[in-house]
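Asker: First to last, the protein sequences are chains A and B.
Taking my numbering, the leading residue of the first sequence gets 1115, the next gets one more, and so forth.
Taking my numbering, the leading residue of the second sequence gets 590, the next gets one more, and so forth.
What follows is a structure written as structure tokens; I'll ask about it next.
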Amino acid sequence: MLKLTVNGRSYAIDVEAEMPLLWVLRDHLNLLGTKYGCGISLCGACTVHLDGEAVRSCSLPVSAAVGKKIVTIEGLSKTSPHRIQEAWIEHEVPQCGYCQPGMIMSAAALLAKKPQPTDADIEDAMTNLCRCGTYARVKKAIHAAAAPSTTTARKS
Amino acid sequence: MMITVTRREFLKVSAAVGGGLAIEFCFPVISAAAGKDAAATEVNAWVVIHTDDRVVVRIARSEMGQGTYTALAQLVAEELDCDWAKVSAEFASPNEHIRRKRIWGSMSTGGSTGVRSSQDYVRKAGASARALLIEAAAMQWKVSAAECSVEKGVITHAATRRKLRYGQVAAAASKLPPPKEVMLRNPRDWKIAGKSMHRLDIPDKVRGKPVFGVDVALPGMLHAAIAQCPVFGGKVRSVDASRAGKMRGVKKIVQEDSFVAVIADSWWRATEALKKLNVEWDPGAYGKASNETVATLLRDGLDDQNLPKAYQQGDVNAALASVAKVIEADYHSPYLNHATMEPQTCTAWFKPDGFLEVWTSTQDGEASMKAAAETAGLPLEKVEVHKMMLGGGFGRRGGPQDFVRQGVTIAKAMPGVPVKMMWSRAEDMQHGYYRPASMVRMKAGLDTQGNLIALHSSVACPSILTVLMPQMLRNGIDFSAVRSLSDMPYTIPHQQVDYAMRNGHVPVGFWRAPGQQNAFYRECFIDELAAVAGKDPVEFRLAMLKPGDKNRMVLEAAAKAAGWGSSLPPGIHRGIALADGFGSYAAMVAEVTVNRQGELKVPRIVLAIDSGYVVNPDTCRAQAESNVVFGLGSMLYQENNVKEGRIVESNFHDFRLPSLSEMPIVEVVLASTGGFWGGHGEPGILPLAPAVCNAIFAATGKRIRSLPLKHHDLRRT
């Protein structure tokens, strides 16, 4: 039995130690917000927080997550949407939306470290891939979430 | 296992997992309004109204990121005159669609047609429902419907100051005969359509709600991983499952003609077992196919002297023999995978009652249903397809439906148990329906004043229609292979387009803006001709565009917005391109820099697009951004090479997508002139590659005649 803490809840699960965290979350805990994209840590669709750090769960053996705080997109905010999710809605960031949970988790980890990131900080930290091309809006939404008071309504 | 999952049921199941802890999860969560309130009435096939006034709009087309789900709801809501804040949407059921004699029109979602080819009937559905609701209120009040007005779903009889809400009269309205004719609102008067309403699908998508095909979770569900013969057309020769069959969680090994699959209790376990399956493949007839055989096939096509003509005007040979100057160039581009972020997936469940349920990310729910029924050997009435949100489509999930056939075949091996099949990234990269590799030879004649008098193009390209829609072929011509050349807006007196259909063994399919490689060839070659003629690329094009042509208007709009002709800071260079397609007109100016090391940057893109009407301006801008990034990826990096009959690339390391740091500033001019309905999902990508390559020429003097750009050395020599 492996003991995991996910989104503040404790789980004991009987899986192989080498099973990637992604598949424990998706197929064993039914936390389906975290996505599979490439399986080799390239695209970031599987990004979750491990003790506050953004990690790619598709290549992380579940044994490496034991004893650490795992947060997924479902646990980013307990009640109302997180300010990042609000900014994402305001700036209409997602298109197909598949990579967006990973994007949002990466953005949340960035803002936790750098509350006022520059464009360069965002470009460095946000290595998640998006096939639809939401990048410009991701950048805008991160800036907006960093400084909620300056959020401007989008043009119509 | 006997739980019945029907379309609008909001199934809550408690799955015992991990150490006996119960986790509650919900499925399916497609629309927030669906199923929570039994007191809902279908006013007509498109409009469902709840007693608390919530309106659910049924959507027949698929949502893959392009925003059709919201735009169609806006069009219905506009004519319905309801409160947009109370509108949600849900996908129409393909099974119900068939039973009700295809009441929702087309479910196919491609060619940027989602809005433009259903706008008429969905608006009429909204208007018809509005008339019924008013009629029901008027009957209750015993007044004439003409004396009633509506605002935001509240019907008013002004003379008696009485009011009724839509939710109060929906049930009565649904029993009335629909009006024979309805008036549609003039787009000038739109209040909901034409505005940047927030997209209906985004709140769920930012919360990680399970909305995609891969997110299907059913009680007792198993997972399948698949390996297809790596050589197209090849087969399974033998399978040794002695090790894999004993691995933890493995339930079944499925061996079919061209693939093997492992069914297990998690996808990872299925994949691990698949790796341990000892499969011997019979490569079939194409085990020796390579890039070289593909190139030879295409080049031989160009050399064929007896090609069918896709277009002919004037006498191109006579004109080329007499012009002042003849310019000739060959261009080519590679096979390209769609690389949707969500791999192909299909969940199928042969239920004990003889019914087959399928959940999939599809661009055509009806095609999925047909594929599922055929594969299962069931009548359509015994099959339901649940249309899930697509993690990208770009043409991959429309015609072929290979993933549905596989998903159903695999589940058939486990009757009574739902099985979710998902492809790995490598399977997805190596088993696509690729954008065709193609080669074009163009020969142009300029007169003494540098005017383009004659243009002869020969296209060698595999035919997508032969694979997916053979009934659309005309005299050996596949229009998707010759478009942008056979239907040019330019007034060139002598033109001829020859088509060499050269079908290799690599499956081809519709890839975002099918035929778009021709826009690259044409617009780069036009740029070459302008340079030879010593003319400005914009002026050169304008001289060949008739007054009033919408192509001309978007070209001028893009040039103006980009400041074409004005001086640029040192090191920045511009290129321009023009292309129409998918109902719209698009022109683009790209700004680039190329440093001493030959490194390219694309800091700014200006797109002018005329789609006639615009239903959601912000979504149209998002589609422009999307087209730019999608186009940049294919232009800069992407190719699918063929070696020993198989696709070489396997993941995003060798099929690179642009990153956030490469995103240009995209400025969009919605130059809508009204009066027609054009698309937005694809037109914006047409001018991208040529605009950037023409800017590269301005920067370096080098002509880019093949893609991707990574094979070109841009260092100044």
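Think of the CB as a built atom: it goes at the ideal place given N, C-alpha and C, for glycine as much as any other residue.
1. Can you tell me the Cα-Cα spacing of Gly1153(A) and Lys1032(B), whole angstroms?
2. Go to Phe1114(B), then tell me how far its alpha helix (DSSP H) extends in each direction, as first and last residue.
3. Who does Ile687(B) pair with in a DSSP beta bridge?
4. What is the DSSP secondary structure of Cys1172(A), reduced to helix, strand or coil?
5. Out of Gly823(B), Ala908(B), Glu917(B), Arg858(B), point me to the one whose CA is closest to Ala874(B)'s CA.
6. Which residues bound the beta strand (DSSP E) around Val905(B)?
7. When you compare the CB positions of Ser1069(B) and Ile1081(B), do they come within less than 8 Å of one another, or not?
8. Given a limit of 9 Å on CB to CB distance, which residues of the region 1133 to 1144 of chain A reach chain B?
9. Quick one: measure Cβ to Cβ for Ser785(B) and Gln817(B), integer angstroms, because I've assumed they're closer than 8 Å.
10. On the three-state DSSP scale, how would you describe Ser1270(A)?
11. So, for Leu1221(B): in the same chain, excluding its five sequence neighbours on each side, which residues have a beta-carbon less than 6 Å away from its beta-carbon?
12. Could you tell me the alpha carbon to alpha carbon distance between Gly1307(B) and Asn1242(A), rounded to whole angstroms?
13. Can you give me the C-alpha to C-alpha distance between Ala962(B) and Glu1117(B), rounded to a whole angstrom?
14. Mind checking whether Leu765(B) and Leu721(B) have CB atoms under 8 Å apart?
15. Can you check which of these residues, Val851(B), Arg1292(B), His1094(B), is closest to Ser831(B) by C-alpha distance?
16. In the region 1201 to 1248 of chain B, which residue ranges form an unbroken alpha helix (DSSP H) of at least 4 residues, counting only runs that do not cross its ends?
17. Is Ile1218(A) helix, strand or coil when you go by DSSP?
18. Spatial neighbours of Val843(B) within its chain, please: C-beta separation below 7 Å, excluding the five flanking residues on both sides.
19. List the residues that DSSP assigns as beta-bridge partners of Gln1084(B).
20. Beta-carbon of Asn926(B) versus every beta-carbon of chain A: anything under 8 Å?
21. Using a Cβ-Cβ cutoff of less than 6 Å, which residues in the same chain neighbour Val1258(B) once the five nearest sequence positions on both sides are dropped?
22. Which residues share a DSSP beta bridge with Pro1134(A)?
23. Quick test of the definition: if touching needs 3 or more C-beta pairs under 8 Å, does the region 1237 to 1252 of chain B touch the region 910 to 929 of chain B?
24. Considering only their Cβ atoms, is the gap separating Cys671(B) from Val644(B) smaller than 8 Å?
25. Count the other C-beta atoms from every protein chain shown that fall within 10 angstroms of the C-beta of Arg1123(A), then say buried if there are 16 or more, exposed otherwise.
26. In whole angstroms, what separates the C-alpha of Ile1165(B) from that of Leu1275(B)?
27. Could you pull the DSSP bridge partners for Asp1169(B) from this structure?
28. Out of Cys935(B), Gly996(B), Val1008(B), which has the shortest C-alpha to C-alpha gap to Met977(B)?
29. Using the Cα positions of Phe1219(B) and Gly1172(B), report the straight-line distance between them to the nearest angstrom.
30. Since Val1195(B) and Ala1175(B) are thought to touch, with beta carbons under 8 Å apart, how far apart are those beta carbons, to the nearest angstrom?
31. Quickly, what does DSSP pair Trp870(B) with across the bridge? List them, please.
32. For Thr934(B), does the three-state DSSP call read helix, strand or coil?
33. Report the option in Gly1234(B), Met1252(B), Ile692(B) whose CA atom is closest to the CA atom of His1020(B).
34. Would you list, in sequence order, the uninterrupted beta strand (DSSP E) runs of no fewer than 3 residues that lie entirely inside the region 676 to 727 of chain B?
35. Determine the direct distance from the alpha carbon of Asn684(B) to that of Ala956(B), and round the result to whole angstroms.
36. Give the DSSP bridge partners of Asp919(B), in chain order.
Answerer: So, from the listed chains and residues:
1. 47 Å
2. 1105 to 1122
3. In the DSSP output, where bridge partners are listed per residue, Ile687(B) has none listed.
4. helix
5. Gly823(B)
6. Careful: Val905(B) lies outside any beta strand (DSSP E), inside the alpha helix (DSSP H) at 905 to 911.
7. no
8. Met1133, Pro1134, Leu1136, Trp1137, Val1138, Arg1140, Asp1141, His1142, Leu1143, Asn1144
9. Contact doesn't hold; Cβ gap of about 43 Å is too wide.
10. Reliability fails at Ser1270(A), whose pLDDT of 40 lies under 50, so the model's placement of it is uncertain and the value that follows must be treated cautiously. Here Ser1270(A) sits in coil by DSSP.
11. Correct list, in chain order: Pro1247.
12. Given that chain B is displayed from residue 590 to residue 1306, the structure contains no residue 1307(B) and the question cannot be resolved.
13. Approximately 52 Å, taken between the alpha carbons.
14. A contact, by the Cβ cut-off of 8 Å.
15. Val851(B)
16. 1206 to 1225
17. helix
18. Val849, Ala850, Ile852, Ile999, Ala1002
19. Gln902(B), Leu1044(B)
20. no
21. Ala1146, Ala1150, Ala1197
22. Beta-bridge pairing links Pro1134(A) to Pro1175(A).
23. yes
24. yes
25. exposed
26. 12 Å
27. Asp1169(B) pairs with Tyr1174(B).
28. Comparing alpha-carbon positions, the option among Cys935(B), Gly996(B), Val1008(B) lying closest to Met977(B) turns out to be Cys935(B).
29. Phe1219(B) and Gly1172(B): Cα-Cα distance of roughly 20 Å.
30. Rounded, the Cβ-Cβ distance is 11 Å, inconsistent with contact.
31. Val825(B)
32. strand
33. Closest in alpha carbon position to His1020(B), among Gly1234(B), Met1252(B), Ile692(B), is Gly1234(B).
34. The qualifying runs are 676 to 680.
35. 11 Å
36. Arg1030(B)
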